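Read the structure below first, then the notes.
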Amino acid sequence: MSNITAAVIANRNKKHFLGVPAPLGYVAGVGRGATGFTTRSDIGPARDANDVSDDRHAPPATKRKKKDEEEEEDEDLNDSNYDEFSGYSGSLFSKDPYDKDDEEADAIYDSIDKRMDEKRKEYRDRRLREDLERYRQERPKIQQQFSDLKRSLASVTSEEWSTIPEVGDSRNRKQRNPRAEKFTPLPDSLISRNLGGESSSTLDPSSGLASMVPGVATPGMLTPTGDLDLRKIGQARNTLMNVKLSQVSDSVTGQTVVDPKGYLTDLQSMIPTYGGDINDIKKARLLLKSVRETNPDHPPRLDCLRSSIKIETHTSFSKGIANILATAERGGCRNIIPALTR
Numbered sequence: 001m002s003n004i005t006a007a008v009i010a011n012r013n014k015k016h017f018l019g020v021p022a023p024l025g026y027v028a029g030v031g032r033g034a035t036g037f038t039t040r041s042d043i044g045p046a047r048d049a050n051d052v053s054d055d056r057h058a059p060p061a062t063k064r065k066k067k068d069e070e071e072e073e074d075e076d077l078n079d080s081n082y083d084e085f086s087g088y089s090g091s092l093f094s095k096d097p098y099d100k101d102d103e104e105a106d107a108i109y110d111s112i113d114k115r116m117d118e119k120r121k122e123y124r125d126r127r128l129r130e131d132l133e134r135y136r137q138e139r140p141k142i143q144q145q146f147s148d149l150k151r152s153l154a155s156v157t158s159e160e161w162s163t164i165p166e167v168g169d170s171r172n173r174k175q176r177n178p179r180a181e182k183f184t185p186l187p188d189s190l191i192s193r194n195l196g197g198e199s200s201s202t203l204d205p206s207s208g209l210a211s212m213v214p215g216v217a218t219p220g221m222l223t224p225t226g227d228l229d230l231r232k233i234g235q236a237r238n239t240l241m242n243v244k245l246s247q248v249s250d251s252v253t254g255q256t257v258v259d260p261k262g263y264l265t266d267l268q269s270m271i272p273t274y275g276g277d278i279n280d281i282k283k284a285r286l287l288l289k290s291v292r293e294t295n296p297d298h299p300p301r302l303d304c305l306r307s308s309i310k311i312e313t314h315t316s317f318s319k320g321i322a323n324i325l326a327t328a329e330r331g332g333c334r335n336i337i338p339a340l341t342r
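The opening residue of the sequence shown carries number 1 in UniProt numbering; numbering runs sequentially from there.
See below:
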């Protein structure tokens with residue numbers, strides 16, 4: 001405390017150890033269990049043994065000789081070390097062995113000390129109670145300060161309890177209250193659009209492939225925006241096929257003008273468009289083949305042959321159609337070939 005400056009004493013808020021050199025032998029972090037390590041830069045260059053040590057570090061301890069450690073120092077029993085009340089500062093019998101008499105004497109002295117401490121304990125307890133009562137009178141507890149008010153709370157009704165405001169009602173009211181809902185009126189265009197109960201939307205037909213760069217939109221490659229109706233597409237395909245069949249047929253005599261070789265050539269140039277399961281096609285082929293071969297003279301054979309040709313046409317398999325027509329010609333059904341190709 002001798003190193004505390006006058007400025008530090010004047011300013012009580014400032015720590016007294018700030019601006020004061022570290023004490024001798026101080027190692028930072030040892031009190032909290034931190035362990036440091038020493039590097040070559042911390043040790044520094046080698047010094048002579050006669051050099052004066054740094055003030056921040058304790059000088060190295062001198063080595064005692066082995067015989068000095070074995071020899072015990074003699075006790076100082078001079079008159080200058082003697083006191084009339086407590087005697088010598090050291091023990092006169094420290095070198096003597098500790099026997100049962102010494103143990104009994106220590107037990108007697110301990111019992112006397114305990115008895116004296118019990119007498120003083122009563123006095124200490126009474127003094128402590130008096131000090132505590134005096135302190136409570138000077139600085140009573142908050143519970144004691146509001147004891148009279150707590151007694152009057154017994155007469156408060158439930159309606160009065162409900163009218164007592166909460167503690168935090170007067171602070172941060174804007175942050176605690178939920179944000180009021182805001183309603184915005186709908187525009188007239190949206191109301192008029194939904195009068196019929198349905199929503200309508202219009203698209204610019206020229207914006208099919210519109211891009212960010214002007215002048216890139218291509219009207220001829222518009223992307224369809226609506227859903228495709230497969231039923232209408234099928235009807236249009238059937239109508240187109242009926243028109244083609246009516247063009248190649250003779251409406252006067254009822255005879256066909258289809259060239260069998262040209263028909264097979266057209267079938268070979270067709271691209272397969274069937275996207276179903278090939279196993280179903282195989283099963284249908286086997287079933288129709290068995291019907292054709294088991295009973296060749298059966299009247300519904302024409303329907304069976306027509307169904308077989310439709311399957312091969314659907315799968316764009318011209319070789320299968322040629323085989324079916326050749327089989328019909330060998331079986332004496334040459335006259336029904338034009339009817340099969342309708």
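Even for Gly, the Cβ is constructed at its ideal location relative to N, Cα and C. None of the values given here were measured: they were computed from a predicted structure.
Practice problem: Indicate the three-state DSSP secondary structure (helix, strand or coil) for D96 in the structure shown. | Solution: coil
Self-check item: Alpha-carbon spacing of S200 relative to L186, whole angstroms
Solution: Residue placement at S200 cannot be trusted, given a pLDDT of 49 that sits under 50; the coordinates are not used to answer.
Exercise. With a 10 Å radius around its C-beta and 16 neighbouring C-beta atoms as the bar for buried, classify R292 as buried or exposed.
Key: buried
Practice problem: Measure the Cβ-Cβ separation of C304 and L286 and say whether it is below 8 Å. | Solution: no
Quiz item: Where does Y135 sit, in a helix, a strand or coil, going by DSSP?
Solution: helix
Quiz item: By how many angstroms is the C-alpha of D42 removed from the C-alpha of G33?
Solution: 21 Å
Quiz item: Is it buried or exposed for E312, if we count other Cβ within 10 angstroms and need 16 for buried?
Solution: buried
Self-check item: Where Y26 sits in the DSSP three-state scheme
Solution: coil
Practice problem: Starting from residue 346, trace the alpha helix (DSSP H) both ways and give me its first and last residue. | Solution: This structure gives no information on residue 346, because the portion of the chain shown stretches from 1 to 342.
Quiz prompt | For E133 and S111, the rounded distance between their alpha carbons | solution = 33 Å
Quiz item: From K244 to I309, what does the alpha carbon distance come to, in whole angstroms?
Solution: 18 Å
Quiz item: What are the boundary residues of the alpha helix (DSSP H) that L190 is part of?
Solution: 188 to 193
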